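First to last, the sequence lines map onto chains V, W and Z. Under this note's numbering, the first residue of the first sequence carries the number 7, and numbering increases by one thereafter. Under this note's numbering, the first residue of the second sequence carries the number 254, and numbering increases by one thereafter. Under this note's numbering, the first residue of the third sequence carries the number 27, and numbering increases by one thereafter. Where a beta carbon is used, it is the ideal one built from N, C-alpha and C, also for glycine. Please read all numbers here as calculations on a predicted model, not as lab measurements.
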Amino acid sequence: MFEANDPNAIQLTADGQLRHFLTTEGLPRALLLEILDTADSFVDMGEQQVKKVPLLRGKTVANLFFENSTRTLSTFELAAKRLSADVLNLNINTSSTKKGETLKDTLMTLQAMHSDMFVVRHADSGAAHFIAQHVTPHVAVINAGDGRHAHPTQAMLDMLTIRRHKGAFAPLKVAIVGDILHSRVARSQIHALRTLGVAEIRVIAPKTLLPRHIEALGVRVYTEMAAGLRDVDVIMMLRLQKERMQSALLPNESEFYKLYGLTRAKLTYAKPDAVVMHPGPINRGVEIESEVADGPRSLILDQVTNGIAVRMAVMSKAMSGQLSQRATSDNRSRKV
Amino acid sequence: MNILISGGRVIDPAQSLDRITDLYVSEGEIRALGEPPQGFQADEVIDARGQIVAPGLVDLCTTLREPGQTRKGTIASETAAAAAGGITTLVVTPDTNPIVETAAVAELIQDRAADIGLARVLPMGALTQGLQGEQLAPLHGLASSGCIAFTNLRRPFGNSQILLRCLEYAATHDLLVVFQAQDAALAANGCMHDDTTSTRLGLNGIPASAETIEVSRCLLLAEQTGVRAHFGQLSCEHSVRLIEAARQRGLQVSADVAIQNLLLTDACVNGFNAAYHLQPPLRSPLDRAGLRQGLVTGTISAICSDHQPHDPIAKQAPFAATEAGMSGLETLLPLSLLLVEQQLLELPQLIAALTLAPARILGLDAGTLQVGSQADICLFDPTAEWCVSEENLRSAGKNTPFLGQTLKGRVSATLMDGRIVFRR
Amino acid sequence: MVSGTLSIDALLDEMTSEARALIIRRDLQAPLMVGIRTGGVWLAERLHRQLGLTAPLGVLDISFYRDDFTQVGINPRVQPSQLPCATEGRDILLVDDVIMSGRTIRAALNELFDYGRPASVSLITLLDLQRRELPIQPDVVGGTLALGPDQQVKLNGPDPLTLTIRQRG
Numbered sequence: 007m008f009e010a011n012d013p014n015a016i017q018l019t020a021d022g023q024l025r026h027f028l029t030t031e032g033l034p035r036a037l038l039l040e041i042l043d044t045a046d047s048f049v050d051m052g053e054q055q056v057k058k059v060p061l062l063r064g065k066t067v068a069n070l071f072f073e074n075s076t077r078t079l080s081t082f083e084l085a086a087k088r089l090s091a092d093v094l095n096l097n098i099n100t101s102s103t104k105k106g107e108t109l110k111d112t113l114m115t116l117q118a119m120h121s122d123m124f125v126v127r128h129a130d131s132g133a134a135h136f137i138a139q140h141v142t143p144h145v146a147v148i149n150a151g152d153g154r155h156a157h158p159t160q161a162m163l164d165m166l167t168i169r170r171h172k173g174a175f176a177p178l179k180v181a182i183v184g185d186i187l188h189s190r191v192a193r194s195q196i197h198a199l200r201t202l203g204v205a206e207i208r209v210i211a212p213k214t215l216l217p218r219h220i221e222a223l224g225v226r227v228y229t230e231m232a233a234g235l236r237d238v239d240v241i242m243m244l245r246l247q248k249e250r251m252q253s254a255l256l257p258n259e260s261e262f263y264k265l266y267g268l269t270r271a272k273l274t275y276a277k278p279d280a281v282v283m284h285p286g287p288i289n290r291g292v293e294i295e296s297e298v299a300d301g302p303r304s305l306i307l308d309q310v311t312n313g314i315a316v317r318m319a320v321m322s323k324a325m326s327g328q329l330s331q332r333a334t335s336d337n338r339s340r341k342v
Numbered sequence: 254m255n256i257l258i259s260g261g262r263v264i265d266p267a268q269s270l271d272r273i274t275d276l277y278v279s280e281g282e283i284r285a286l287g288e289p290p291q292g293f294q295a296d297e298v299i300d301a302r303g304q305i306v307a308p309g310l311v312d313l314c315t316t317l318r319e320p321g322q323t324r325k326g327t328i329a330s331e332t333a334a335a336a337a338g339g340i341t342t343l344v345v346t347p348d349t350n351p352i353v354e355t356a357a358v359a360e361l362i363q364d365r366a367a368d369i370g371l372a373r374v375l376p377m378g379a380l381t382q383g384l385q386g387e388q389l390a391p392l393h394g395l396a397s398s399g400c401i402a403f404t405n406l407r408r409p410f411g412n413s414q415i416l417l418r419c420l421e422y423a424a425t426h427d428l429l430v431v432f433q434a435q436d437a438a439l440a441a442n443g444c445m446h447d448d449t450t451s452t453r454l455g456l457n458g459i460p461a462s463a464e465t466i467e468v469s470r471c472l473l474l475a476e477q478t479g480v481r482a483h484f485g486q487l488s489c490e491h492s493v494r495l496i497e498a499a500r501q502r503g504l505q506v507s508a509d510v511a512i513q514n515l516l517l518t519d520a521c522v523n524g525f526n527a528a529y530h531l532q533p534p535l536r537s538p539l540d541r542a543g544l545r546q547g548l549v550t551g552t553i554s555a556i557c558s559d560h561q562p563h564d565p566i567a568k569q570a571p572f573a574a575t576e577a578g579m580s581g582l583e584t585l586l587p588l589s590l591l592l593v594e595q596q597l598l599e600l601p602q603l604i605a606a607l608t609l610a611p612a613r614i615l616g617l618d619a620g621t622l623q624v625g626s627q628a629d630i631c632l633f634d635p636t637a638e639w640c641v642s643e644e645n646l647r648s649a650g651k652n653t654p655f656l657g658q659t660l661k662g663r664v665s666a667t668l669m670d671g672r673i674v675f676r677r
Numbered sequence: 027m028v029s030g031t032l033s034i035d036a037l038l039d040e041m042t043s044e045a046r047a048l049i050i051r052r053d054l055q056a057p058l059m060v061g062i063r064t065g066g067v068w069l070a071e072r073l074h075r076q077l078g079l080t081a082p083l084g085v086l087d088i089s090f091y092r093d094d095f096t097q098v099g100i101n102p103r104v105q106p107s108q109l110p111c112a113t114e115g116r117d118i119l120l121v122d123d124v125i126m127s128g129r130t131i132r133a134a135l136n137e138l139f140d141y142g143r144p145a146s147v148s149l150i151t152l153l154d155l156q157r158r159e160l161p162i163q164p165d166v167v168g169g170t171l172a173l174g175p176d177q178q179v180k181l182n183g184p185d186p187l188t189l190t191i192r193q194r195g
């Protein structure tokens, strides 16, 4: 009786255009493919002399980063600037104040500055949804990572990287390795891979780093690399944070590296043409051997390039969706 | 004041009564059923045709926020809400500020409620000083000052030895201990049930074992000490099985469940709706089924609201940063009636779970319409539909996930001590 | 009202001589021809050959420069523009199959200027549909055409190049 409406429908306009980009979950396959196609053209453009396009000229993009991240912040900033937008960077320190108050108050202050788009990174799962629900109409919200919930732009740049190297998604076996439990990247990747229809998605981790009901997301669980990597086409490594060595999740880094670190030796379990990815920054000697990270099968640097293009694609689509929705509602009120 | 409640369907589980008849109230007591007492002159007649006449509801767990957190609610606002919800007796949690660990605070709360006169308020006392789980609170003194039971809420004990001694002391004076069973370490930082939904949402989960481990510990210690024990607001089907097994062994323990856990599941949290941020959390469909079954078999005998009013800002943040709890006094009855509509219980059984059973758990002479008992009465129209809105909620807490929804079943009048404390 | 398929070889020959005259008249130095995707590209290839230009042909995709992106969204299948050399200080011959409102040409001009400041831009179009919304005119045009409200014109190619005029489907 009390079933909720589709909670991810907030991302789409009435006619199915993207207007917020909060999670890869619940977005139709056609839309994900459009994002990839648009990003493809931006990648090609990135190799040109003129890298800018005027799609977001006159628009203000505010980067609200409640969690520090130079990498992600700079790629979003670059993406916005290549779309000719004006960029506002707000690095907000939440250690001193209660998180909830800061978020709502910050939003109120920002409304007054008339931004057209917020790019949000926050330590609380659901923060991007919260902002999308409370923001003035016609402002687009892009999730740059919320707690453990989602990092949809990272997942999409990973999908783009896979497609540019492997072509079709359908035959691929993809393995995600590492701290799945705490990873918003892994969750977004799993939703995207499922929607795009890969043959198999695997997660490989010790039980302490696996959420208990992860199979329900459509993945097969492995706790060791030999079996988990067999016949795999794409290996997506996750970053292991130092904090996981506390609170009885892992004994130490060297045991993790021995069992789950991607070395040249372990790479041989996978298909001979398997590719290796990592969202960065990499912990050499913890998740991955240097020779693998820098080796011929590694797509890590491509991921970075693709990251800018994917963010450009997502930002321009979301802005376009918001503007067309505003045009529709303006027309409607005029007709009255 | 002489009041006649006429033509209503009077349901009193204590007497196995369920028939359309008249009820006569005089001087705060129920004088007669059916035929008027000798020389009875009604000062007031309440037309109860088409209505149910039941004992006033007894709510085993509510939070009134006063003293100390009056921006969230006051005894005045919340007892008014209770009266509008047909609830005449409220058992309140000790986590006020200051905590109910001194006679003064216990008496303050009761006096304030008595002055306002809209509902009976029975405080629970803290089991340990400051609810810190280390030192015994003055249980006997608190009991003398009106504390009906003792609890440490969900806060941890320093160790099992301390818990054991608290129970032994309570048993010495035949005091009722209410457990809100949760292992603090397993539940740490959790804000919803640990399952598929929490995994997808990236929210920290509270595994079922956080409750079942503590239920097991408390059952074993209750058995060892012989203390009168009650388990409040169960959320897991496994907990129900543990309690059922204990009862079969002969242990006299009781249990209640909050109405929301009988109707909702963790899937409600999808979309990060903070209105569903609750403690104990909403759990899986299997847990919901187990709780419902427990109610049918009698392992769980009572339903409560677990009312926790909040100011708006408490729910306006990303999910994990919001405060847990929902405002439930005024929705308790219509939501409970759904159990009848869903054919889980018959109406008299439901009413028993809301009145007689909680009264028995507390050892109170209440929850009945027997002649001579205090006239605490709830009149409601089980078919009346109404839309839950901020305007029509009397509680200071508008934090209910049912805002904007249409519910069926509405209180038309409430009497406490033979006085009309609410009339629509 | 005209309808059917037209061979445009004759038009192209005329346009070639007019373009040659234009190059001389304006004293254009080693002009760079740039065709606007997609219709302008076939036309530019043909003219480039017929004019015997030495600088390689450039291709411009104006999808990201359209001024109506909020109504029509972003075309997901955009290939990048390919300009073989810098436009800074160059004389540009911009080629498109049709000029109608003038907005496409404006977008193309914006994009060309993002690549560098040209010395000059001359516009060559096959058809002028005379429905201007901006003050932009071709320097060389094959012919003007007044289309009926339900009619469409389409360039077929690359070889042979023909025009089809038909009812909107």
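Taking 7 Å as the threshold, the shortest C-beta distance from V/Ser131 to chain W falls below it. Note: W/Trp639 is bridge-paired with W/Leu660 in the DSSP secondary-structure output. Z/Ile88 carries a coil assignment under DSSP once its states are collapsed to helix, strand and coil. Around Z/Arg103, the beta-carbon contacts reaching into chain V at under 8 Å are Asp43 and Ser47. In terms of beta-carbon proximity, Z/Ile100 lines the interface with chain V, with at least one pair separated by less than 7 Å. Secondary structure note for V/His128: its beta strand (DSSP E) is the uninterrupted segment Met123 to His128. In the DSSP assignment, W/Ser507 falls within the unbroken beta strand (DSSP E) covering Val506 to Ala511.
Think of a sphere of 8 Å around the beta carbon of V/Asp50: the chain Z residues whose beta carbon falls inside it are Gln105 and Pro106, in chain order. DSSP places Z/Asn136 within a helical segment (H, G or I) once states are collapsed to three. Shown here, V/Gln55 sits in coil according to DSSP, grouped into three states, outside any helix or strand.
Put simply, the backbone Cα of W/Leu384 is about 26 Å away from that of W/Ile512. Legend: CB atoms of the region 186–198 of chain V lying less than 7 Å from CB atoms of chain W belong to residues Arg190 and Arg193. Around the CB of Z/Phe139, fewer than 16 other CB atoms lie within 10 Å, so the residue is classed as exposed. By the beta-carbon neighbour count (other beta carbons within 10 angstroms, threshold 16), W/His560 is buried.
Taking the beta carbon of Z/Asp140 as reference, the chain V residues within 7 Å of it are Val56 and Lys58, listed in sequence order. Counting of Cβ neighbours within 10 angstroms places W/Pro351 among the exposed residues, the total staying below 16. If you look at V/Tyr263, you'll find it in the alpha helix (DSSP H) that goes Glu259 to Tyr266.
For W/Cys314, the secondary structure class from DSSP, reduced to helix, strand or coil, is strand. Listed along the chain, the chain Z residues whose CB falls inside 8 Å of the CB of V/Gln17 amount to none; the nearest CB is some 16 Å away. DSSP places W/His483 in the uninterrupted beta strand (DSSP E) bounded by Arg481 to Phe484.
By the criterion of a C-beta distance shorter than 8 Å, W/Val430 is surrounded in its chain by Leu380, Ala402, Phe403, Thr404, Cys419, Leu420, Ala423, Ala475, Val480, Arg481, Ala482 and His483, once the five residues flanking it on both sides are discounted. Of the candidates Z/Arg46, Z/Asp93, Z/Thr113 and Z/Asp122, the residue whose Cα lies closest to the Cα of Z/Glu71 is Z/Asp122. Bridge pairing for Z/Asn182: Z/Thr188 [DSSP]. Between V/Ser260 and the set V/Ser304, V/Gly291, V/His157 and V/Ser326, the nearest pair of CA atoms involves V/Gly291. Straight-line measurement puts the Cα of Z/Ala36 at about 12 Å from the Cα of Z/Leu189. W/Ala612 sits away from W/Val278, with the two beta carbons spaced by 7 Å or more. Secondary structure of Z/Ile50 (DSSP, three-state): helix.
By the Cβ neighbour-count rule, W/Arg536 is buried, with 16 or more other Cβ atoms within 10 Å of its own. Under the three-state reduction of DSSP, Z/Val147 is assigned to strand. Residue pairing for V/Ser304: DSSP places it in a beta bridge opposite V/Val282.
Contact check between the region 631–648 of chain W and the region 565–572 of chain W: fewer than three CB pairs, one atom from each, fall below 8 Å, which does not count as touching. Taking the beta carbon of Z/Asn136 as reference, the chain V residues within 9 Å of it are Pro60, listed in sequence order.
DSSP, read as helix, strand or coil, puts W/Val278 in strand.
Leaving aside the five residues that flank W/Val358 on each side, the residues in its chain whose CB is nearer than 6 Å to its CB run, in chain order, Pro351. Within a 10 Å sphere around the beta-carbon of V/Met119 sit fewer than 16 other beta-carbons, which makes this residue exposed. When secondary structure is reduced to three states using DSSP, V/Thr115 falls in the helix class.
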